[in-house]
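First up is the structure itself, then whatever we jot down about it.
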Amino acid sequence: MKAIVVDPPGRTADSLRLDEVPDPRPSDEEVLIRIHATALNRADIMQRIGNYPAQHGASDILGLELAGEVIEAGSRVRGLSVGDRVYGLSGGGGYAELATLHESLAMPIPDQLTYHEAASIPEVFFTANTAVRTLGQTLPGERILIHAGGSGVGIAAIQIARLIGAEVWITAGSEEKCERARELGADVTINYREQDFADVISEQADGQGVDVILDVIGRDYWDTNLKSLATAGRLVLVGLMGGARAETNLGVILQKRLRIFGTVMRSRPLIDRAGITRDYQLHLEPAIISGEMKPIIDSVFPLSKAAAAHQYMAENRNFGKILLDCIDIDELSER
Ligand SMILES: NC(=O)c1ccc[n+]([C@@H]2O[C@H](COP(=O)([O-])OP(=O)(O)OC[C@H]3O[C@@H](n4cnc5c(N)ncnc54)[C@H](OP(=O)(O)O)[C@@H]3O)[C@@H](O)[C@H]2O)c1
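So in the working numbering, spot 119 of the sequence shown is number 443, and the numbers just go up one at a time.
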């Protein structure tokens, strides 16, 4: 099959190249999928650079999520058949024509969704669901601050928080991204290039702070995040785009009785990822089917243009998800 290989690992996206590699083979509990689309995640850039190697036993091909058609089912697969449209969290192997997926991670694609829409959902909706609902325990009427409101994770988190009935505050790096976040349901938007979010919160949150913060920045926002949380606030650390090491005044955590959580998706055991998949199907998929929440696709590149897609993501140009079409490998056609 054709797949994108990293050769050699590097800081520039031109280390990505389309090549011929061996077809994957499904185990007894896996299905083999003809991939229609996969989506980019920031982790792909880290993996390309060499800072985030594939998990033991997982494909070392990039691509954490996919949507496609089942073309073969392992002998112990009971709930899926050849021809089924499925999507899910692959944990690797998405930048290719074919991939295997454990049955417990492969969800039937609702009729209302295209392959592109389905491929744009798993990683960011699962992550945002874990951060906003499971760990953040965001309640109706509470204030949640979502950093990088235009990121894949951000656009999912805004919609989940709205669904809960929370008051949604976001930060983003341009007025255009702030405007689009408001269209998605954000109540208060802060362009971090023009305003300090802690100042805005101290002026506009009735002196209370926010109840939950979904953070993807880490070090650069550490102190301002702690300052901006209300008493008994929750900080959910999801990414470290601003650095991984921070000094902190532990007294603030004690005084405000804060709770601090971290989460990752890829390195969790299969049973955890299957549980997170079910949780999404139970609590969020119905809202996607009804149109109450929607996947937001920023752009689609043919698989062979993965390097250009990586460059586009690294320049922070996207609002929502960047996809790779794995059927139209060389050029996108009208489909
Ligand atoms: N823990 C998990 O399970 C998990 C799962 C998925 C993703 N993540 C993490 O979530 C984060 C977002 O991932 P994604 O794939 O959704 O990203 P994305 O769609 O590429 O969006 C990232 C956005 O973050 C903003 N940004 C980048 N660097 C920044 C900085 N230093 N300070 C402030 N804003 C910055 C940029 O928007 P602006 O124009 O607004 O600056 C950029 O467009 C990443 O850190 C990723 O590793 C974690």
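A virtual CB, placed ideally from N, CA and C, is assigned to each residue, including glycine. None of these values were measured; they are calculated from a predicted model.
Taking the Cβ atoms as the reference, Ile385 lies roughly 7 Å from Ile328, within the contact range of under 8 Å. The straight-line gap separating the alpha-carbon atoms of Leu561 and Val540 is approximately 6 Å. Distances from the CA of Asp654 to each of Ala420, Arg349, Arg372, Pro332 were compared; the closest alpha carbon is that of Ala420. Gly478 carries a helical assignment under DSSP once its states are collapsed to helix, strand and coil. According to the DSSP assignment, Pro626 belongs to the beta strand (DSSP E) that extends over 621 to 626. Lys618 carries a coil assignment under DSSP once its states are collapsed to helix, strand and coil. Taking 7 Å as the cut-off, the beta carbon of Ala452 is found closer than this to the beta carbon of Ile484. The way I'd put it, the region 631 to 649 does touch the region 359 to 367; three or more beta-carbon pairs between them come closer than 8 Å. With respect to the 7 Å criterion, Ala490 and Glu466 are classified as neighbours on the basis of their beta carbons. Taking a C-beta distance under 7 Å as the contact criterion, Arg558 and Val536 qualify as a contact pair.
Apart from the 5 residues on each side of it in sequence, Leu594 sits with its Cβ closer than 8 Å to the Cβ of His426, Ser428, Leu429 in its chain, given in chain order. According to the DSSP assignment, Arg506 belongs to the alpha helix (DSSP H) that extends over 499 to 508. The region 350 to 360 and the region 397 to 417 touch, with three or more beta-carbon pairs separated by less than 8 Å.
Each residue's CA atom was taken as its position, placing Ala337 and Gly575 some 43 Å apart. Going by C-alpha positions, Val410 is about 43 Å away from Arg581. Ile525 has its CB no nearer than 6 Å to any heavy atom of ligand 1.
With respect to Thr424, Pro377 sits apart: the two C-beta atoms are not nearer than 7 Å. Where Gly599 is concerned, there is no enclosing beta strand (DSSP E), although the alpha helix (DSSP H) around it starts and stops at 594 to 607. Beta-bridge partners of Ile359 (DSSP): Gly392. Take Glu441, set aside five residues on each side of it, and the residues of its chain with a beta-carbon closer than 6 Å to its own are Pro619, in chain order.
Note that the C-beta distance between Gly566 and Gly542 is below 7 Å. In the DSSP assignment, Lys645 forms a beta bridge with Ile621. Rounded to whole angstroms, Ile577 and Gln532 show a C-alpha spacing of 15 Å. Taking the Cα positions, Tyr516 is about 11 Å away from Tyr545. Glu447 has its Cβ nearer than 6 Å to a heavy atom of ligand 1. Secondary structure at Asn549: helix, using DSSP grouped into helix, strand and coil.
In summary, Glu518 is exposed, with fewer than 16 beta-carbon neighbours lying within 10 Å of its beta-carbon over all protein chains present. Following the DSSP letters along the chain, one finds Glu447 in no beta strand (DSSP E) but inside the alpha helix (DSSP H) bounded by residues 446 to 453. Cβ neighbours of Thr458 within its own chain (closer than 8 Å, five residues either side excluded): Asp603.
The three-state secondary structure of Asp343, taken from DSSP, is strand. Measuring C-alpha to C-alpha distances from Ala630 to each of Glu344, Asp352, Ile369, Ser552 identifies Ile369 as the nearest. Between Leu388 and the set Ile395, Ser399, Tyr636, Arg372, the nearest pair of CA atoms involves Arg372. For Phe585, the beta-bridge partners assigned by DSSP are Val560. Taken through DSSP and simplified to helix, strand or coil, Val534 comes out as strand. Of the candidates Ile613, Glu344, Val448, Leu550, the residue whose Cα lies closest to the Cα of Asp435 is Ile613.
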